[in-house]
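Just below is one structure, and these are the notes that go with it.
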Amino acid sequence: MWLTRPVRIPSKQGGNAKVAGVCEGIGVRYQVDPVLIRLFFVVTGVFGAGVVAYLVAWMVMPRYSVPLSPIEALWTPGHPQERTHGWWLLIAFLVFSGAIGSGAAKLFGPAAVLTYLALFGMWWILHKRHPVPPRGLLTNGYVPLKEDTMNHDDLYPQPQPDLSTIKPVDGYRAPFAQQAPESPMWDPLAQSHYDAWNMELAPAEPEKKRRVWPWVVGGLVGTGAVMVVGAGIVISQLDPVYFEEDTTGIGDVYLAPTNAELKDSYASGVGEINVDLSNLTTLDSVQNVQISSGIGEVKVTLPEDVPISLICSSGIGSSNCDVGDLEARNAELDGPMLNIFVSSGIGDVDVEFANAD
948 MWLTRPVRIP SKQGGNAKVA GVCEGIGVRY QVDPVLIRLF FVVTGVFGAG
998 VVAYLVAWMV MPRYSVPLSP IEALWTPGHP QERTHGWWLL IAFLVFSGAI
1048 GSGAAKLFGP AAVLTYLALF GMWWILHKRH PVPPRGLLTN GYVPLKEDTM
1098 NHDDLYPQPQ PDLSTIKPVD GYRAPFAQQA PESPMWDPLA QSHYDAWNME
1148 LAPAEPEKKR RVWPWVVGGL VGTGAVMVVG AGIVISQLDP VYFEEDTTGI
1198 GDVYLAPTNA ELKDSYASGV GEINVDLSNL TTLDSVQNVQ ISSGIGEVKV
1248 TLPEDVPISL ICSSGIGSSN CDVGDLEARN AELDGPMLNI FVSSGIGDVD
1298 VEFANAD
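The sequence shown begins at 948 in the working numbering and counts up by one.
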């Protein structure tokens, strides 16, 4: 299971990821819809330790084309970027799990333990269903137990996913992959059957039929039972005021406010938040706007006709806030200043003007 664990496929490498590519990678590796995996983390995030479980998966799953995970890079030299991610993820894990403030009591509390068990159970069931990863997905040198994989496509899950749009990380090579489902499967190094009349060929082993549905149904029932028990434990310990005071949500957010609709703060708990400020015109007074996300990418489109100041920060993830010389741009504009503060706890920050090329 460990050797064939999924790889992360972030959006920067061509995936359809929302945060770090964990769910996308699990979906490709085990041939399931990534939306179901995202739903698992969202539900456990509300009723258990889903955020911590996501961080654990992030730490142990390498990026596509990288041979080791961020946590492995902590003691393996030669991968400085992965090591940096590993340290940040470890710090985030200690903070979000409560290990720093509450110690092992919260880290191994009832809700957390049930979440970890549900995550491991889901992984085990998916591995039982698809023990062999798709061709060209892993870079750790894994080869199925049966030899001659080039000539035995039945060793790999069918149909093979199309990895032609997935790019390797800079400085790393992508593993061999069938570029598209319709690409030719000819192997130039294979033995020709026309000039090998005297070569004895071993008979093909009959494929063992696996019963998948018992594992799937059993896994769903078990996971559902774990989630129900976990939800009962956590909800019984929560103060109802918590739900009334919570101003953040779960899911993607897209907003395009006008001057009359502009608010002081826009926030998202888990998911991408996209705030388009290009509809704003000259302000009546100086305004401060804070845009933030706990876990997820933050995208901001800046107004063209309003003087602005910009401050960006990202805990874990890249921050792309280079929008040019704002001082020179503001000198050509009239009106009060719009002060924009953009932050993301875990995820990328991307800020640009509407007409940026």
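The C-beta atom is built at its ideal place from N, Cα and C for all residues, glycine as well.
With a cutoff of 8 Å on beta-carbon distance, Thr1228 and Asp1252 are scored as near each other.
The continuous beta strand (DSSP E) containing Asn1221 extends over residues 1220-1223. With contacts defined as CB atoms closer than 8 Å, Gly1241 and Gly1292 qualify as a contacting pair.
Straight-line spacing of the CA atoms in Glu1274 and Asn1221 works out to 25 Å. When Gly1262, Pro1108, Val969, Trp1071 are compared, the shortest CA-CA separation from Ile984 is found for Val969. Its chain contains Ala1020, Leu1021 as the residues whose beta carbon lies nearer than 7 Å to that of Arg1030, once the 5 sequence neighbours on both sides are disregarded; these appear in chain order. Leu986 and Ile1255 have their C-alpha atoms some 38 Å from each other. Around the beta carbon of Ala1004, a 10 Å sphere encloses 16 or more other beta carbons of the protein chains shown; the residue is thus reported as buried. Taking 8 Å as the cut-off, the beta carbon of Tyr977 is found no closer than this to the beta carbon of Ile1113. Under DSSP, Asp1297 takes part in a beta bridge, and its partners are Lys1246, Asn1267.
The beta carbon of Glu971 lies closer than 7 Å to those of Ile956, Gly962, Asn963, Ala964, Pro981 in the same chain, with the five residues before and after it left out. Here Val975 has Pro1108 as same chain residues with Cβ atoms under 6 Å from its own Cβ, once five neighbours each way along the sequence are excluded. About 12 Å separates the beta carbons of Val1200 and Val1247, which is beyond the 8 Å limit, so they are not a contact pair.
Counting only residues of its own chain and dropping the five nearest sequence neighbours on each side, Ala1203 has a CB closer than 7 Å to the CB of Asp1223, Asn1226. Taking Val1116 as the centre and dropping the five residues before and after it, the same chain places the C-beta of Arg1010, Ser1012, Val1013 closer than 6 Å to its C-beta, in chain order. Within its own chain, the residues whose Cβ lies closer than 6 Å to the Cβ of Val1236, once the five positions on either side in sequence are excluded, are Ile1287, listed in chain order.
Taking all protein chains shown into account, Pro1081 has 16 or more neighbouring C-beta atoms within 10 Å of its C-beta and is therefore buried. The Cβ atoms of Pro1122 and Gly1083 sit closer than 8 Å to each other. A direct Cα-to-Cα measurement between Ser1016 and Thr1086 gives close to 11 Å. By the criterion of a C-beta distance shorter than 6 Å, His1074 is surrounded in its chain by Met948, once the five residues flanking it on both sides are discounted. Taking the Cβ atoms as the reference, Cys1268 lies roughly 10 Å from Val1245, outside the contact range of under 8 Å.
Counting the other CB atoms within 10 Å of its CB gives Glu1208 a total below 16, which places it among the exposed residues. In the DSSP annotation of this structure, the continuous segment of the beta strand (DSSP E) that includes Val1217 starts and ends at 1212-1217. Taking Leu1230 as reference, the option from Leu1285, Leu950, Ile973 with the minimal CA-CA separation is Leu1285. With respect to the C-alpha of Gln1234, the residue from Tyr1063, Ser1215, Asn1302, Asn1206 having the closest C-alpha is Asn1206. With contacts defined as CB atoms closer than 8 Å, Val1270 and Leu1257 qualify as a contacting pair. When DSSP states are grouped into helix, strand and coil, Tyr1011 belongs to the coil group. DSSP places Leu1202 in the uninterrupted beta strand (DSSP E) bounded by 1200-1202.
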